[in-house]
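Residue numbers (the working numbering), protein chains in the order written: chain Z, 1 to 349; chain E, 1 to 349.
No residue lacks a Cβ here, since even glycine has one placed at the ideal position from N, Cα and C.
All values derive from a computational prediction rather than experimental measurement.
Number of protein chains: 2
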Amino acid sequence: MPPLPSELAYVPFVSVANMMGLVHHIGIEQVLCDLADAIEADFKRWELFDKTPRVASHSDVGVIELMPTSDGEMYGFKYVNGHPKNTKEGLQTVTAFGLLADVDTGYPKLLSEMTLLTALRTAATSAMAARHLAPKGARTMAMIGNGAQSEFQCLAFKAICGIDTVRLFDIDQAATARCAANLAGRGLNVVQCQTSQSAMEGAEIITTCTADKQNATILTDNMVGSGVHINAIGGDCPGKTELHRDILLRSDIVVEYPAQTRIEGEIQQLDDDHPVTQLWQVIAGSAKGRSDEKQITLFDSVGFAIEDFSALRYVLNAIQGTSYSTQLDMIADPDDPRDLFGMFERANS
Amino acid sequence: MPPLPSELAYVPFVSVANMMGLVHHIGIEQVLCDLADAIEADFKRWELFDKTPRVASHSDVGVIELMPTSDGEMYGFKYVNGHPKNTKEGLQTVTAFGLLADVDTGYPKLLSEMTLLTALRTAATSAMAARHLAPKGARTMAMIGNGAQSEFQCLAFKAICGIDTVRLFDIDQAATARCAANLAGRGLNVVQCQTSQSAMEGAEIITTCTADKQNATILTDNMVGSGVHINAIGGDCPGKTELHRDILLRSDIVVEYPAQTRIEGEIQQLDDDHPVTQLWQVIAGSAKGRSDEKQITLFDSVGFAIEDFSALRYVLNAIQGTSYSTQLDMIADPDDPRDLFGMFERANS
Numbered sequence: 001m002p003p004l005p006s007e008l009a010y011v012p013f014v015s016v017a018n019m020m021g022l023v024h025h026i027g028i029e030q031v032l033c034d035l036a037d038a039i040e041a042d043f044k045r046w047e048l049f050d051k052t053p054r055v056a057s058h059s060d061v062g063v064i065e066l067m068p069t070s071d072g073e074m075y076g077f078k079y080v081n082g083h084p085k086n087t088k089e090g091l092q093t094v095t096a097f098g099l100l101a102d103v104d105t106g107y108p109k110l111l112s113e114m115t116l117l118t119a120l121r122t123a124a125t126s127a128m129a130a131r132h133l134a135p136k137g138a139r140t141m142a143m144i145g146n147g148a149q150s151e152f153q154c155l156a157f158k159a160i161c162g163i164d165t166v167r168l169f170d171i172d173q174a175a176t177a178r179c180a181a182n183l184a185g186r187g188l189n190v191v192q193c194q195t196s197q198s199a200m201e202g203a204e205i206i207t208t209c210t211a212d213k214q215n216a217t218i219l220t221d222n223m224v225g226s227g228v229h230i231n232a233i234g235g236d237c238p239g240k241t242e243l244h245r246d247i248l249l250r251s252d253i254v255v256e257y258p259a260q261t262r263i264e265g266e267i268q269q270l271d272d273d274h275p276v277t278q279l280w281q282v283i284a285g286s287a288k289g290r291s292d293e294k295q296i297t298l299f300d301s302v303g304f305a306i307e308d309f310s311a312l313r314y315v316l317n318a319i320q321g322t323s324y325s326t327q328l329d330m331i332a333d334p335d336d337p338r339d340l341f342g343m344f345e346r347a348n349s
Numbered sequence: 001m002p003p004l005p006s007e008l009a010y011v012p013f014v015s016v017a018n019m020m021g022l023v024h025h026i027g028i029e030q031v032l033c034d035l036a037d038a039i040e041a042d043f044k045r046w047e048l049f050d051k052t053p054r055v056a057s058h059s060d061v062g063v064i065e066l067m068p069t070s071d072g073e074m075y076g077f078k079y080v081n082g083h084p085k086n087t088k089e090g091l092q093t094v095t096a097f098g099l100l101a102d103v104d105t106g107y108p109k110l111l112s113e114m115t116l117l118t119a120l121r122t123a124a125t126s127a128m129a130a131r132h133l134a135p136k137g138a139r140t141m142a143m144i145g146n147g148a149q150s151e152f153q154c155l156a157f158k159a160i161c162g163i164d165t166v167r168l169f170d171i172d173q174a175a176t177a178r179c180a181a182n183l184a185g186r187g188l189n190v191v192q193c194q195t196s197q198s199a200m201e202g203a204e205i206i207t208t209c210t211a212d213k214q215n216a217t218i219l220t221d222n223m224v225g226s227g228v229h230i231n232a233i234g235g236d237c238p239g240k241t242e243l244h245r246d247i248l249l250r251s252d253i254v255v256e257y258p259a260q261t262r263i264e265g266e267i268q269q270l271d272d273d274h275p276v277t278q279l280w281q282v283i284a285g286s287a288k289g290r291s292d293e294k295q296i297t298l299f300d301s302v303g304f305a306i307e308d309f310s311a312l313r314y315v316l317n318a319i320q321g322t323s324y325s326t327q328l329d330m331i332a333d334p335d336d337p338r339d340l341f342g343m344f345e346r347a348n349s
């Protein structure tokens, strides 16, 4: 029998089943709150991070991206695809996995599913940003687009911002019905709406999360009243936007990383020098978020690598002492590091 | 009990143990020949590939890199670190893993260890290049630097180029002794040498593979006679070179991808416009490799993403119908692709 690999050869792996188990074990609303705090804490130390726009490989039908970052101690990256046409073939639009590694040795420390984790961190980031930008005392959110991300958004805004009513709309009524059924019994007042206009009645927060890879206009200017906060998360690649340009011109726009958002976000419709505020500066107190009640605030969110990094570090910490990970024999680690060949040879004995 | 994941949720995974098993099952020299042919075939269709320089995250002690590429049908990337100081801590200088995905859906198709596979593909690439560049009838190779890559290089040059004698030198005699012991009984005449000069006596091919992250001069100009082929693989990041500049000026230099090699290879010592030949052009017949027996040819190799892509595709094919992979539950794949939350909920029932 070949010798067993050394402990260094193993990388903890969180499967989809284990991620679901871990989140149920902690409780999804608690996880969303924890993630919001973890992401906020990392945004506070934004300047420490090694930041690059994601590395994208585009095809006619979708995109595959690598999103790396590092805080100098840990390195993380996420693999994520975006294929809107997948849904029609019974596949996920977005799937993802991620990795953390030790900067000092380059050795991986965690491999994790990130399809579910991305849904959680996206919702946590949206609600964390709204904590800084939405009008005080907001209780009602319009949720436009009721796809795979929608329930996570609703629960995050409940747990993190105190939303008690969500007004749902999707061009596919079955999606709205599914979202409403999934949210039943969770302490939210859920209203299914027939039009986006009706969904926005009385809403202080408007979340848009639709998936067409083309310039769409989910909201037009006359639909948006003063004082609201818009959380726009569906536009996240070149040519994919959700809001009419006139809304952008009336809004104070907050983004994650301008270099990336100008290519992928709603603001690709604006001039390159249109003023935007960075979310980390609002969190750190060096820029203003909401300053008056008439103001329209817009979080033009495309997702950024630091959010994934924060989420992976949270998971690495959360699995300690639990059974929600398995050990993957992924790293060749011979006893004598120069003797890779000898390790290979002995495996045959 | 939660419902079982769908088949789409699973990604075949080749662990270190399974990679070693697979290579022993096929035979290492056969694998090296197969990889050389696979890489050569992909270099022939070079222009089809989506090419970007690797995405590197540097620290004081090493580098972590992502190397993506795509041929339009499959997408692949490798994670690889380079930490020369690791050896002193009992760790590998280089560890790696890689992934293949379907461009049409973005779904991963293979996750594989690549520490061993990188050693194999690097050796196969070196010998494949030498097939086009080394003097006809070469039988003797000097192997300068007897670290983890050295045995793989020696076996690749035997299997692919017909080398029958290897002359080993390392500043650490224990490394030379280990390399010689590992190569015993494999049909190679192995000579342990006390100096690099002595190692090069009678050698038609000189392979340098040393690991210092600094400008070193493993070979000086007076040591290199006319007509030889130099296979320089140790210099592969900024500030890390092995050859004296004067050797470069006397050589016809062949590289993988100029944009990357000018930053990372031996030619970082030369002007940015110093003429180099691309290996794929030599293979495709649109550029000359060796044209006379006095010529010094130099393959300034830093490794390129397409070599990893070819190797991963070879492994994906080779594991079919074998037990050398396991299934990883890495992709969340709900029955209704818009119902990620419902899948999560049902996992708790």
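With distances taken from CA atoms, which of the options is nearest residue i?
| i | options | result |
| --- | --- | --- |
| Asn231 (chain Z) | Z:Gly82, Z:Ala127, Z:Leu100, Z:Thr105 | Z:Ala127 |
| Glu293 (chain Z) | Z:Pro68, Z:Glu89, Z:Met223, Z:Leu133 | Z:Leu133 |
| Asn348 (chain Z) | E:Met19, E:Gly185, E:Arg167, E:His24 | E:His24 |
| Arg131 (chain Z) | Z:Ala148, Z:Lys158, Z:Leu117 | Z:Lys158 |
| Pro275 (chain E) | E:Ala284, E:Ile283, E:Asp300 | E:Asp300 |
| Val80 (chain E) | E:Arg290, E:Glu89, E:Leu66 | E:Leu66 |
| Arg45 (chain E) | E:Phe309, E:Leu340, E:Arg346, E:Gly342 | E:Phe309 |
| Asn146 (chain Z) | Z:Ile233, Z:Ile160, Z:Gly185 | Z:Ile233 |
| Met343 (chain E) | Z:Gly185, Z:His244, Z:Gln149, Z:Ser291 | Z:Gln149 |
| Asp273 (chain E) | E:Arg346, E:Val282, E:Arg262 | E:Arg262 |
| Gly106 (chain Z) | E:Gly285, E:Asp60, E:Lys136, E:Asp50 | E:Asp60 |
| Pro135 (chain Z) | Z:Asp339, Z:Asn317, Z:Thr297, Z:Lys109 | Z:Thr297 |
| Glu89 (chain E) | Z:Pro337, Z:Thr217, Z:Leu91 | Z:Pro337 |
Return the chain-ordered list of same chain residues with a C-beta closer than 6 Å to the C-beta of residue i, the five sequence neighbours on each side being excluded.
| i | result |
| --- | --- |
| Met114 (chain Z) | Lys78, Ala96, Phe97, Gly98 |
| Phe304 (chain E) | Glu256, Tyr257 |
| Thr87 (chain E) | Thr93 |
| Ala138 (chain Z) | Glu204, Ile205 |
| Gln192 (chain Z) | Leu168, Thr176, Ala180 |
| Val282 (chain E) | His132, Gly289 |
Could you compute how far the alpha carbon of residue i sits from the alpha carbon of residue j?
| i | j | result |
| --- | --- | --- |
| Ile306 (chain E) | Ala9 (chain E) | 27 Å |
| Ser112 (chain Z) | Gln320 (chain Z) | 14 Å |
| Thr241 (chain Z) | Leu312 (chain Z) | 28 Å |
| Arg178 (chain Z) | Ser251 (chain Z) | 32 Å |
| Lys85 (chain Z) | Leu120 (chain E) | 38 Å |
| Trp280 (chain E) | Tyr75 (chain E) | 20 Å |
| Val103 (chain E) | Val63 (chain Z) | 8 Å |
| Thr277 (chain E) | Val254 (chain E) | 5 Å |
| Leu295 (chain Z) | Ser226 (chain Z) | For the sequence presented, residue 295 (chain Z) should be read as Gln rather than Leu. Looking at the two C-alpha atoms, the distance is approximately 6 Å. |
| Cys161 (chain Z) | Lys288 (chain Z) | 19 Å |
| Gly239 (chain E) | Thr210 (chain E) | 13 Å |
| Lys109 (chain E) | Gly82 (chain Z) | 16 Å |
| Thr208 (chain E) | Ile28 (chain E) | 22 Å |
Quick one: residues in its chain with C-beta nearer than 7 Å to the C-beta of residue i, no 5 flanking neighbours on either side, listed in chain order?
| i | result |
| --- | --- |
| Leu48 (chain Z) | Asp71, Gly72 |
| Thr125 (chain E) | Ile39, Ser301, Glu307 |
| Tyr314 (chain E) | Asp34, Leu35, Ala38 |
Under 8 Å Cβ to Cβ from residue i, same chain only, skipping five residues before and after it: list those, please.
| i | result |
| --- | --- |
| Gln197 (chain Z) | Met223 |
| Glu151 (chain E) | Cys179, Asn182, Leu183 |
| Leu116 (chain E) | Val16, Met19, Met20, Val23 |
| Gln260 (chain E) | Pro53, Arg54, Val302, Phe304 |
| Asp172 (chain Z) | Asn146 |
| Ile247 (chain E) | Leu219, Thr220, Asp221, Val224, Ile230, Ile296, Leu298 |
| Ile163 (chain Z) | Ala138, Arg139, Thr140, Met141, Cys154, Phe157, Leu188, Ile205 |
message: Any contact between the region 317 to 334 of chain E and the region 10 to 19 of chain E? By contact I mean 3 or more CB pairs, one from each, below 8 Å.
response: yes
Pairing CB atoms from the region 29 to 36 of chain E with CB atoms from the region 51 to 59 of chain E, are three or more of them under 8 Å?
no
Report yes or no: do three or more beta-carbon pairs, one from the region 261 to 272 of chain E and one from the region 331 to 349 of chain E, lie closer than 8 Å?
Cβ pair count under 8 Å is below three, so no.
Length-filtered (3 minimum) beta strand (DSSP E) runs lying within the region 277 to 341 of chain Z: 296 to 300, 326 to 329
Notebook entry, point to check: Taking three-plus beta-carbon pairs below 8 Å as touching, is the region 134 to 147 of chain E in contact with the region 195 to 205 of chain E?
Noted result: The region 134 to 147 of chain E makes contact with the region 195 to 205 of chain E: 3 or more CB pairs, one atom from each, lie closer than 8 Å.
Report task. At 3 residues or longer, and completely inside the region 172 to 213 of chain Z: list those beta strand (DSSP E) runs for me, N to C. Result -> Every beta strand (DSSP E) stretch that sits fully inside the region 172 to 213 of chain Z and reaches 3 residues is listed by chain position as 189 to 192, 205 to 208.
At what residue ranges does the region 44 to 94 of chain E contain a whole run of the beta strand (DSSP E), taking only runs of 3 or more?
55 to 58, 63 to 70, 74 to 82
Checklist entry - Where in the region 114 to 176 of chain E do unbroken runs of the alpha helix (DSSP H), each at least 4 residues long, occur, reported from the N-terminal end onward? => result Whole alpha helix (DSSP H) segments, 4+ residues: 115 to 133, 150 to 161.
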